[in-house]
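Note that the UniProt record's numbering has the sequence shown beginning at 1, numbered continuously upward.
Each residue gets a CB set at the ideal place from its N, CA and C atoms; glycine is no exception.
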Amino acid sequence: VPLEPVAPLQLSENRWHRKAITNVDQDSPELVDRKIKALLNKSKMEKFDSISDQIIAWANRSEQEKDGRTLIQVIRLVFEKATDEATWSEMYARLCRKMMEQISPKVQDDGIKNSEGKPIAGGQLFRKYLLNRCQEDFERGWAIEDQAAKAASASKEEEEIALYSEEYYAAQKAKRQGLGLIKFIGELFKLQMLTERIMHECVKKLLGNVENPEEEEIESLCKLLTTVGQMLETAKARAHMHVYFDRMKELTKSPNVNSRMQFML
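Now the structure itself:
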């Protein structure tokens, strides 16, 4: 049976058009966002050298700036990706190490000076920005994760509503990223990007509430010690480690710590 001819599709006037990037300002934050996110989405171990070189080239656009804003933006995007994809935290830590080693010495921030009153630049500036980002994200994490605790403690009647609320999903995302951040910080320490002192500060913060700890704090503590515990067990830090393990032993006996968390400890 012969088929009847089919009329060709008519293109509507309001059809979807692919966004053209030719008219976008080549120095705009929007373009940097788009390009770096695209590169990070492609980044896997087998493509590491090629992708990391391209990311560093974008970060080096800060050579033309006096405030390092493009470099700061690139670090932010790497952090967001690393904390959201904890499985790849080791690779993202390697990326940060390579950026610190290869960032242009011409990249500087006139607002950050060294002891001689000169702007710090290159790898030293990158490390300064990195430390700032670690501290900001670590401190911000606990404020956001309070929402997760509130959502988790919803009553039985509210449980189903809470489960599908925007606040619940935002809190779950914050918890995932908080745990991802801890693992990422540990990987940065293993590559000597962060100091032992910073690691001890993180552990102390996570063990600061022995009386009534949050699940996220215990989970983060276990993840951090699994990642870097062996490196922290030095003769110099032995006294600190004894205090940590004594506190963890207290937690295993606490009525405020559920069986899953006790088993994790």
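Quiz item: According to the neighbour-count rule (16 or more other Cβ atoms, all chains shown, within 10 Å of its Cβ), is Lys81 buried or exposed?
Solution: buried
Quiz prompt | Own chain residues within Cβ distance below 8 Å of Ile103, not counting five before or after | solution = Ile56, Ala59, Asn60, Leu71, Gly122, Gly123, Leu125 and Phe126
Exercise. Name the one or two DSSP bridge partners that Asp49 has.
Key: BP columns for Asp49 are empty, so no partner.
Exercise. Give a yes or no on whether 8 Å exceeds the smallest Cβ distance from Lys47 to chain D.
Key: Absent from the structure is chain D; it holds one protein chain and no more.
Quiz item: Would a C-beta distance cut-off of 8 Å place Lys106 and Ser52 closer than the cut-off?
Solution: no
Practice problem: Given a cut-off of 8 Å, decide if Thr227 and Gly186 are closer than it, judged by their beta-carbon atoms. | Solution: yes
Quiz item: Which residues bound the alpha helix (DSSP H) around Ile103?
Solution: Where Ile103 is concerned, there is no enclosing alpha helix (DSSP H), given that its DSSP letter is neither H nor E.
Practice problem: Can you grab the Cα-Cα spacing for the pair Ile120 / Asn256, in whole Å? | Solution: 48 Å
Quiz item: Secondary structure at residue 268, three-state DSSP: helix, strand or coil?
Solution: The first residue shown for the chain is 1 and the last is 265, placing residue 268 beyond what the model contains.
Practice problem: Pull up the DSSP beta-bridge partners for Asp109, would you. | Solution: Asp67
Self-check item: Member of Glu216, Ala235, Lys47 and Val210 whose CA lies at the smallest distance from the CA of Tyr244
Solution: Val210
Exercise. Would you grab the beta carbon distance between Gln54 and Leu39 for me? Rounded to a whole angstrom, and I think it's under 8 Å.
Key: 6 Å
Quiz item: Can you pull the DSSP bridge partners for Pro119?
Solution: Lys113
Quiz item: On the premise that Thr83 lies in contact with Gln172, defined as a C-beta separation below 8 Å, what is that separation, rounded to the nearest angstrom?
Solution: Actually they do not touch by this definition, with Cβ atoms about 14 Å apart.
Practice problem: With DSSP as the reference, label Gln124 as helix, strand or coil. | Solution: helix
Exercise. Would you check if the distance between the CB atom of Glu201 and the CB atom of Leu232 is smaller than 8 Å?
Key: no
Quiz item: Roughly how many angstroms lie between the CA atoms of Lys190 and Trp88, to the nearest whole one?
Solution: 15 Å
Self-check item: Alpha-carbon spacing of Lys37 relative to Tyr169, whole angstroms
Solution: 22 Å
Quiz item: Per DSSP, what kind of secondary structure is Lys44 in: helix, strand or coil?
Solution: coil
Self-check item: Ser201 - DSSP class collapsed to helix/strand/coil
Solution: Checking the displayed sequence, the identity of residue 201 turns out to be Glu instead of Ser. Glu201 falls in the helix class under three-state DSSP.
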